[in-house]
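Protein chains in written order, with the working numbering: chain D, 158 to 242; chain L, 122 to 200; chain E, 615 to 697.
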């Protein structure tokens with residue numbers, strides 16, 4: 158087993174563990190950090206699974222998009238922008 | 122029978138049944154369940170290596186969700 | 615699969631399939647819209663490595679940038695009804 162395959166395996170294991178933790182969490186706001194952990198792990202899998210120069214760009218695009226989505230969900234759940242009195 | 126085909130067929134069937142009979146019968150739940158079916162169709166297109174179809178469908182899918190959201194907002198405003 | 619690329623090993627395929635199945639079942643079972651959207655995020659994270667594994671990297675970039683827009687459009691209607 159090459160070190161690259163070992164790194165991919167570690168990232169996949171972290172992703173499955175984060176998904177199980179999200180599934181078993183009763184509080185909605187506590188789900189969001191584990192969603193971030195899952196997105197980091199998926200970014201690692203995308204960057205490591207195919208040795209191609211464009212793979213880094215795909216990983217960065219997924220990272221930006223997933224972080225934006227998670228922060229938008231947290232911001233809307235915590236009150237949103239349209240809470241002006 | 123690669124894993125993309127099996128997972129895409131599962132997502133398409135589960136999303137269609139969930140969009141037809143949502144648990145709380147609201148339009149928002151129906152719209153979110155419709156996205157499961159959309160990703161299943163995307164995975165099924167990936168199984169046949171259709172790159173142009175994937176690009177077009179991925180672009181139009183967000184536009185469809187935006188149009189549905191505007192329709193629901195108008196319906197909420199009208200009462 | 616083109617030459618020069620390592621074949622994705624079975625464990626990554628099985629874990630991403632498990633991610634998709636967990637996200638789908640969780641999305642269907644939840645009733646709060648925010649919890650449904652979080653579960654949909656899990657499912658999208660499971661779909662994305664399959665696109666990269668085929669070598670369609672331009673499609674992966676486009677889908678990764680468009681998929682959060684769909685969630686943002688859904689959140690526009692999500693915040694209204696919830697106090």
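No residue lacks a Cβ here, since even glycine has one placed at the ideal position from N, Cα and C.
For clarity, every value in this text was computed on a predicted model and none was experimentally measured.
- Message: Measuring straight from C-alpha to C-alpha, what distance separates residue 167 of chain L and residue 125 of chain L?
- Response: Along the second chain, read from residue 1 onward, the residue named residue 167 of chain L stands at position 46. Along the second chain, read from residue 1 onward, the residue named residue 125 of chain L stands at position 4. In a straight line, the C-alpha of residue 167 of chain L is about 7 Å away from that of residue 125 of chain L.
- Query: Are the segment 222–234 of chain D and the segment 125–138 of chain L touching, with three or more C-beta to C-beta distances below 8 Å?
  - Reply: Remark: fewer than three beta-carbon pairs, one from each stretch, lie closer than 8 Å, so the segment 222–234 of chain D and the segment 125–138 of chain L are not flagged as touching.
- Message: Ignoring anything shorter than 4 residues, give me the alpha helix (DSSP H) runs that lie fully in the segment 148–187 of chain L, in order along the chain.
- Response: 148–168
- Message: Once the 5 residues before and after residue 653 of chain E are set aside, which same chain residues still bring their CB inside 7 Å of it?
- Response: On the third chain, residue 653 of chain E is found 39 positions in, with the first residue counted as 1. Shown here for residue 653 of chain E: same chain residues with a beta carbon closer than 7 Å to its own, the five before and five after excluded, namely 637, 640, 641, 644 in chain order.
- Item | Runs of alpha helix (DSSP H) wholly within the segment 208–234 of chain D (minimum 4 residues, chain order) | 210–234
- Since residue 155 of chain L contacts residue 140 of chain L with CB under 8 Å, what's their CB separation in whole angstroms? Locating residue 155 of chain L in the second chain gives position 34, counting from the first residue. Locating residue 140 of chain L in the second chain gives position 19, counting from the first residue. Sure, about 5 Å apart at Cβ, within 8 Å.
- Task: Would you kindly work out how many angstroms separate the C-alpha atoms of residue 137 of chain L and residue 211 of chain D, rounded to a whole number?
- Result: Numbered from its first residue, the second chain carries residue 137 of chain L at position 16. Numbered from its first residue, the first chain carries residue 211 of chain D at position 54. Each residue's alpha carbon lies about 35 Å from the other.
- Task: Determine the DSSP secondary structure at residue 144 of chain L, reduced to helix, strand or coil.
- Result: Start at 1 with the first residue of the second chain, and residue 144 of chain L comes out as number 23. If DSSP states are grouped into helix, strand and coil, residue 144 of chain L belongs with coil.
- Separation of residue 165 of chain D from residue 187 of chain D, as counted between CA atoms: As a first step, residue 187 of chain D is located in the first chain; it is residue number 30 there, counting from the start. As a first step, residue 165 of chain D is located in the first chain; it is residue number 8 there, counting from the start. Each residue's Cα considered, the two are about 26 Å apart.
- Message: Please tell me whether residue 176 of chain L has its Cβ less than 8 Å away from any Cβ of chain E.
- Response: For this step, residue 176 of chain L is matched to residue 55 along the second chain. For residue 176 of chain L, the answer is yes, since a Cβ of chain E falls inside 8 Å of its Cβ.
- Message: Rounded to whole angstroms, what is the Cα-Cα separation between residue 190 of chain L and residue 687 of chain E?
- Response: By 1-based counting over the second chain, the position of residue 190 of chain L is 69. By 1-based counting over the third chain, the position of residue 687 of chain E is 73. Answer to the nearest angstrom: the Cα atoms are 7 Å apart.
- Message: Taking the alpha-carbon of residue 204 of chain D as reference, which of D:196, D:170, D:194, D:215 has the nearest alpha-carbon?
- Response: Taking the first chain and counting its residues from 1, one reaches residue 204 of chain D at position 47. Closest by alpha carbon: D:215.
- Using a threshold of 8 Å, state whether the C-beta atoms of residue 664 of chain E and residue 184 of chain L are closer than that. Within the third chain, the letter at position 50 stands for residue 664 of chain E. Within the second chain, the letter at position 63 stands for residue 184 of chain L. No, these two residues do not count as a Cβ contact at 8 Å.
- Message: Contact defined as beta carbons within less than 8 Å: I believe residue 227 of chain D pairs with residue 196 of chain D. What is the distance between those atoms, to the nearest angstrom?
- Response: As a first step, residue 227 of chain D is located in the first chain; it is residue number 70 there, counting from the start. As a first step, residue 196 of chain D is located in the first chain; it is residue number 39 there, counting from the start. That belief holds up - the Cβ atoms of residue 227 of chain D and residue 196 of chain D are roughly 7 Å apart, short of 8 Å.
- Measuring only between beta-carbons, confirm whether residue 181 of chain D sits less than 8 Å from chain E. Position 24 of the first chain, counted from the first residue, corresponds to residue 181 of chain D. It does not; no Cβ of chain E falls within 8 Å.
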